[in-house]
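Note sheet for the following structure.
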Amino acid sequence: MSYNFDTVVDRRSTGSVKFDIRHDLLPLWVADMDFPLPDEILSVIKKRVDHGIFGYTMTGPSYWKALDSWCSREYGYNVKPSEWVTVPGVVYSLSIAIRAVTEPSDAVLIEQPVYYPFSQVVKDNGRNLIVAPLCFNKGRYTRDLYAFEKAIRENNVKAFILCSPHNPVGRVWSGDELLLVAEICRRYGVTVIADEIHCDFIRPGIKFTSFATLCDEYKEKLILCTAPSKTFNLAGLQVSNIWIPNPEIREKFKKENRANGYNEINTLGMTAAETCYTFGKPWLTELKAYLEGNIAYVRSFLSENMPKVNLVESEGTYLLWLDFHGTGLSNEEMKDKVENKAKLWLDHGDMFGQGGQLFERINIACPRSTLEQAMKQLYEAFK
Ligand SMILES: Cc1ncc(COP(=O)(O)O)c(C=O)c1O
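Just so we're aligned, residue 55 is where the sequence shown starts under this note's numbering, counting upward by one.
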């Protein structure tokens, strides 16, 4: 390996959401990574810092060229800059999208368990939250299409927020699965808001299909949310790229964005995103190999030492979903052990809504030694 992912970098007292809220717990919760970017990328960002002037900033041709090269190579679609809007975050874009394509009290559908801001953002915008629960069968999550369609039909759903790949359950929805969803949404006039933020973390042997590569009729009512923030750990630099092929929906989205007073992109965020999309692939490739090692470590640790805790095999993301049903504990007992005995900050499954009880989500994007320490603490608490 040319890059070193084993070094533990002290992130405390850097204003880190992950590390600086509670110092008494080992944090493996929020989805950012404990790895610094490599020198070839940092040096470009430092050069921009050395320029010393950080005035209002806009994206230019080199930014869009970098994004286009990445998207065409990695996912098979091209980027027409006029169809894209840059915003400070994907959750921000979900909020703007909901306001752009629905009216107050309209129904918005999500699937649970899912990344918890999905439900918050629907409710905070005064929309009617409709949940279609995922099915969990023999260790694998699937979608009950009958229930999905029924939820849309009976509630007059106007928008569906798709999580693809799905956080926290780790499913990478196949092209066929997406087509079935797309067809139901088209039939009922539902706008698909597709959150593809985790799409660069796909496990070996699994194929990612972007909603953007489905046929044109499914792009009529599509808002595609992408970002370099998970891929290159840039959450603090606040850049997301949103594709809205339908000009009418795009204009409504832009209007809501303007109403929020957001205008220009973050200067360093733009530099970092462009640089990562241009030079970041070798680092990402090695990072993903390292993460594979972390997943293998958790799998074998659990089967050797904690066989009652089941690892739900993920197809993507660096977040693992651990099933504690076999422990015989109640949800509250499990949470108490994780937090107060193991002294770990994981994300308790019940935060992710229906079907999340007795699960914990663990973020494995950290040096192996941190993960080993975490698993040791978990073992001691549950033995
Ligand atoms: C599915 C999903 N969407 C969005 C986000 C956050 O995106 P942003 O920081 O750009 O709002 C996360 C972060 O964990 C996520 O898992």
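Beta carbons are placed, not taken as given, at the ideal position from N, Cα and C, and that holds for glycine.
DSSP places A161 in the uninterrupted beta strand (DSSP E) bounded by 161-166. In the DSSP annotation of this structure, L199 is not part of any beta strand (DSSP E); the continuous alpha helix (DSSP H) holding it starts and ends at 199-209.
P90 sits in coil when the DSSP states are folded into three classes, being neither helix nor strand. Fully contained in the stretch 264-320 are the following alpha helix (DSSP H) runs of length 4 or more, in chain order: 301-313. According to DSSP, residue pairing for T61 in a beta bridge does not occur. The stretch 277-286 and the stretch 295-303 touch, with no fewer than 3 CB-CB distances between them shorter than 8 Å. Taking all protein chains in view, the Cβ of N191 is surrounded by fewer than 16 other Cβ atoms within 10 Å, so the residue is classified as exposed. Setting aside the 5 residues that flank it on each side, P219 is surrounded in the same chain by R225, V226, W227, E250, H252, C253, F255, I256, F262, E369, G370, T371, each with a C-beta closer than 8 Å to its C-beta; the list follows chain order.
The beta carbon of K306 is closer than 6 Å to those of A154 in its chain, skipping five residues each way along the sequence.
For V235, no beta strand (DSSP E) segment is defined; the enclosing uninterrupted segment is the alpha helix (DSSP H) at 229-241. Here the alpha carbons of S283 and L341 stand approximately 15 Å from one another.
Uninterrupted alpha helix (DSSP H) stretches at least 4 residues long and entirely within the stretch 109-136 occur at 115-128, given in chain order.
Sixteen is the threshold: since fewer than 16 other Cβ atoms of the shown chains lie within 10 Å of the Cβ of T61, the residue is exposed.
The C-alpha of G109 is placed about 43 Å away from the C-alpha of I349. Non-local beta-carbon contacts of T321 in its own chain, meaning distances under 6 Å to residues more than five positions away in sequence, involve F108, T111 in chain order. Counting other Cβ atoms within 10 Å of its Cβ, E165 reaches 16 or more and is therefore classed as buried. The residue among E203, L232, N210 with its C-alpha nearest the C-alpha of L216 is L232. DSSP places P421 in no alpha helix (DSSP H); its state is neither H nor E.
With respect to the 9 Å criterion, N359 and M429 are classified as neighbours on the basis of their beta carbons.
L376 is a Cβ neighbour of I416, given a cutoff of 9 Å.
Using a Cβ distance threshold of 9 Å, A205 and T245 do not count as a contacting pair.
For Y200, the number of other beta carbons within 10 angstroms of its own is below 16, and it is reported as exposed. For A186, the three-state secondary structure derived from DSSP is strand.
Distance check between S126 and each of V223, A266, N394 places A266 closest, using alpha-carbon atoms only. In terms of side-chain proximity, the C-beta atom of G69 is found no nearer than 8 Å to any non-hydrogen atom of ligand 1.
Of the heavy atoms belonging to ligand 1, at least one sits nearer than 8 Å to the Cβ of C217. A straight line joining the alpha-carbon of N314 with that of E302 spans about 19 Å. Secondary structure note for R66: it is in no beta strand (DSSP E), with a DSSP letter that is neither H nor E. The residues C189, in chain order, have a CB closer than 6 Å to that of D198 in the same chain once the five nearest residues on each side in sequence are set aside.
Between N182 and S159, the gap from beta carbon to beta carbon is short of 9 Å. DSSP places A248 inside the beta strand (DSSP E), whose first and last residues are 245-249.
Residue pairing of L398 in beta bridges, as defined by DSSP: L80.
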